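**Student:**
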Amino acid sequence: MKTSIKNLMIGALAGTAMMGASLAQAASLNGAGATFPYPIYSKWFYEYNKSKGVQINYQSIGSGGGIQQLTNGTVDFGASDAPMTDDQISKVSGGVLHFPTVAGAVVLAYNLQGVESGLKLTSDVLTDMYMGTITKWNDPAIAGLNPGVTLPDLNITVAHRSDGSGTTNIFTNYLTKVSTKWASTVGFATSVKWPVGVGGKGNEGVAGLISQIPGTIGYVELAYAIKNKLPYASMKNKSGHYVEPTIESTTAAADGALKKMPSDFRMMITNAPGAEAYPICGFTWLLVHPTYSGDTVKTITDFLHWYLTEGEGMAKELYYAPLPESLIKKVEAKIEMIK
Amino acid sequence: MSLSLDATTDGRAEKALPFFSKLAHAGVGDWLFRKLTAFFAFLILFLACLTAFTLWKASVPSIHKMGWSFLTSSDWDPVQEIFGSVPFVYGTLVSSFLALLIATPFGLGISLFLTELAPMKMREPVAFMVETLAAIPSVVYGLWGIFLLAPFMRVHVDPILIKTGLPIFKGPSTGLSLFTAGVILSIMILPTITAISREVFEAVPNAYRESAKALGATNWETIQLAVMKPSKVGILGAVMLALGRALGETMTVTMVIGNTPQVTTNLLAAGHSMASVIANEFSEAVGDIHVAALAEIGLLLMVITLILNVAAHLLVWLTTSKFQR
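Residue numbers (the working numbering), protein chains in the order written: chain A, 2 to 340; chain B, 1322 to 1646.
#1: Does any residue of chain A have a CB that is nearer than 8 Å to the CB of Ile1481/B?
#2: Can you give me, in chain order, the residues of the region 1374-1385 of chain B that have a beta carbon less than 8 Å from any beta carbon in chain A?
#3: How about Ala348/A: is its C-beta nearer than 8 Å to some C-beta of chain B?
#4: Throw me the rounded Cβ distance for the Ala1614/B and Ser1394/B pair, which I believe falls under 8 Å.
#5: With DSSP run on the structure shown, which of helix, strand or coil describes Pro246/A?
#6: Whether or not the region 99-118 of chain A and the region 206-226 of chain A are in contact is what I'm after, with contact meaning three or more pairs of Cβ atoms, one per stretch, closer than 8 Å; do they touch?
#7: Name the chain A residues that come within less than 7 Å of Asp1351/B, Cβ to Cβ?
#8: Please confirm whether Lys51/A and Leu319/A have their CB atoms less than 8 Å apart.
#9: Look up Arg267/A in the DSSP assignment and say whether it is helix, strand or coil.
#10: Excluding the 5 residues preceding and the 5 following Ala224/A in the sequence, name in chain order all residues of the same chain whose CB lies nearer than 6 Å to its CB.
#11: From Cys1370/B to Ala1359/B, what distance separates their C-alpha atoms?
#12: To the nearest whole angstrom, what separates the beta carbons of Lys92/A and Thr72/A, a pair I think is in contact under 8 Å?
#13: In chain order, what residues of the same chain have a beta carbon less than 7 Å from the beta carbon of Leu202/A, not counting five sequence neighbours either side?
#14: Measure the Cβ-Cβ separation of Thr300/A and Val55/A and say whether it is below 8 Å.
#15: So the candidates are Ile1483/B, Ala1379/B, Val1461/B and Leu1482/B; which of them puts its Cα closest to the Cα of Ile1610/B?
#16: Taking just the CA atoms, how far does Thr75/A sit from Leu24/A?
#17: Below 8 Å between beta carbons is the criterion; list the residues of the region 1464-1477 of chain B that meet it against any residue of chain A, in chain order.
#18: How is the beta strand (DSSP E) around Asn58/A delimited, first residue to last?
#19: Could you pull the DSSP bridge partners for Lys237/A from this structure?
#20: If we ignore side chains and look at the alpha-carbon of each, how far apart do Ser1532/B and Ile1457/B end up?
#21: Taking only three categories from DSSP, how would you classify Lys182/A?
#22: Could you name the residues of chain A that Ala1591/B contacts, counting a contact when the two beta carbons are closer than 9 Å?
#23: Going by beta carbon distance, what residues of the same chain come within less than 7 Å of Asn31/A, once the five residues before and after it are set aside?
#24: Is there a C-beta anywhere in chain B that falls below 8 Å from the one on Thr134/A?
#25: Is the Cβ of Asn1601/B closer than 8 Å to any Cβ of chain A?
#26: From the DSSP output, read off the bridge partner residues of Val159/A.
#27: Does DSSP put Pro1512/B in a helix, a strand or coil?
#28: Beta carbon of Val1554/B, beta carbon of Thr1515/B: below 8 Å?
#29: When the Cα of Phe284/A is compared with those of Met262/A, Pro291/A and Asn238/A, which residue comes out closest?
#30: For the putative contact between Ala1563/B and Ile1510/B, defined by C-beta atoms under 8 Å, what is the C-beta separation to the nearest angstrom?
#31: Look up Ile1403/B in the DSSP assignment and give the residues it is bridged to.
#32: Taking Ser327/A as part of the alpha helix (DSSP H), name the residues at either end of that continuous run.
#33: Using DSSP's beta-bridge definition, name the partner residues of Leu287/A.
#34: Spatial neighbours of Ala1600/B within its chain, please: CB distance less than 8 Å, with the 5 preceding and 5 following residues excluded, ordered by chain position.
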């Protein structure tokens, strides 16, 4: 008994020593940032490690934390749901390149008895709801968009995220683009001063509010609405069509925004043109330095090539929208800049 | 004690003594023990000061930009970078005191019942059940709050409160409110109040009770005179410890308070709390001033806790000195 335990311990020690050795030899990368793309990133890093043997450690601590760690130089790359501002970039020694990875849709989910699906909304009505000027579900403004649907005489409870989040950034960016009133009184950021409504922590918190309080409308990521079986609204887009949020209509939005895409890819794609484009969606980015020392250059450029070729195909099953083909080519060309 | 000393003076036992006992015998152990415990005590003091200093350092940009208006403004606008702490301080204080208001009579009632009135067989199991409440993680309370308590309040409790017509209860209610936060906090601090006051009541010498009874006091009079009165300080201690937990509670409160930074006398309206806003906004706060303002909220929470603790000690000091007179 005693010897067997001893053997086991020696084995374990040898094992740890070997693991340490292999870690030291194999290339590895450290990253930190956004929580929104964490499911797809962890899948990518797992698959990449399996096929190429490169370990990528990622802490999903939030975009703000990712930018902070990149600025402090404690990670090889950051990740963010909002593009960095010029001011933020200027603080990072060596600079920052933005690599869009996937796009995500933000959907308006609701809890309305008798309206199990297919609610239609426009940007004006949505803004008025979130400004607190439309307070009842049977308001003529909503009823006018939804002929044939019986809307109840019920108070509208507006739900939003209480935690700072890239989802809020995308949603408020959309409202800022479509309403001058919203732009001047609220604006957009990861947390804003909400005129009305109750806050839930995280997507799960908002989804909880929606399912618990009759008459609630709130914004969540598409994956969350689908997984929680919450009904969500079709939005009238820039071209005047009602579009349901799907992976395809999100990619269509990315495609529609392509014409105006700046060369550094820092762009919010809300309210994008295109008949098929869903208006409330956004990219999420990897934040990479333009210069690295030693072998890290090859390690990081190899991975960037891999996610653009192999990785994008895995997005759909996790409810993320892959980048449109034409954009992938542009992003691919950008990798050359890393030296 | 004297027995073990006798043993060590015996010659044969001396040889077998381990090294440390020899040291102890020489008085080195006592010295070492005193220094070591003093070090531990000062370490706590040092940690508290370090925390305060770190928070102060992190909040410098916000202190510079906002100045005193941070303490007087109700605006919290991360886009315009205007930060005022009033709604958070208000929400924290209101929900915590509401919790105390509900939990204190319940907690004292439970512990009085358990120490004075309940049959012996019942005391331990009930006390155990109450103390189990303290072991439930706060995030579990939060989930219970959002999925069960908040809807229950909205459908069953709030409509009755609104019907009372009191200005502090105004509809419409979503179930997410300062009041709901107070209710759930009261459940969370109940075990603290119960457990400590039970210890305090048990420490009251039986002679007190017997004397009161001998003088012809009823059960209630005995409890009032012989149990509650000498326990005043202990009860206050229990309440203060509970208040500490309520002030700092984060996850549970954020789930049911509605997270809307506003100051309102309507307890059925949504509010916000200091710990909640830090937990909510810190990870995605990108602006320097925003991060600093959150650190300043942390500093302020520490100061408020300190003030309340000092006030409680003053109260204890006042009541005890009165007692001795």
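Beta carbons: idealized from backbone N, C-alpha and C, even for Gly.
These numbers come from a predicted model, not from an experiment.
**Tutor:** In short:
#1: no
#2: none
#3: Since the first residue shown for chain A is 2 and the last is 340, residue 348/A is missing from the structure and cannot be characterised.
#4: Not really, about 11 Å apart at Cβ, beyond 8 Å.
#5: coil
#6: yes
#7: The contacting residues do not exist; Asp1351/B stays about 40 Å from chain A at best.
#8: no
#9: coil
#10: Tyr320
#11: 17 Å
#12: 5 Å
#13: Note on identity: in this sequence residue 202/A is Lys, with Leu being the wrong assignment. Correct list, in chain order: Ser163 and Asp164.
#14: yes
#15: Ala1379/B
#16: Residue placement at Leu24/A cannot be trusted, given a pLDDT of 44 that sits under 50; what the coordinates show is reported in the next sentence. Each residue's Cα considered, the two are about 18 Å apart.
#17: Ile1467, Phe1468, Ala1471, Pro1472 and Arg1475
#18: Gln56 to Gln60
#19: Tyr243/A
#20: 41 Å
#21: helix
#22: Gly198, Val199 and Gly200
#23: Asn58, Val76 and Asp77
#24: no
#25: yes
#26: Ile218/A
#27: helix
#28: no
#29: Met262/A
#30: 4 Å
#31: Asp1398/B
#32: Glu326 to Lys335
#33: Ala80/A and Phe100/A
#34: Thr1571, Met1572 and Thr1575
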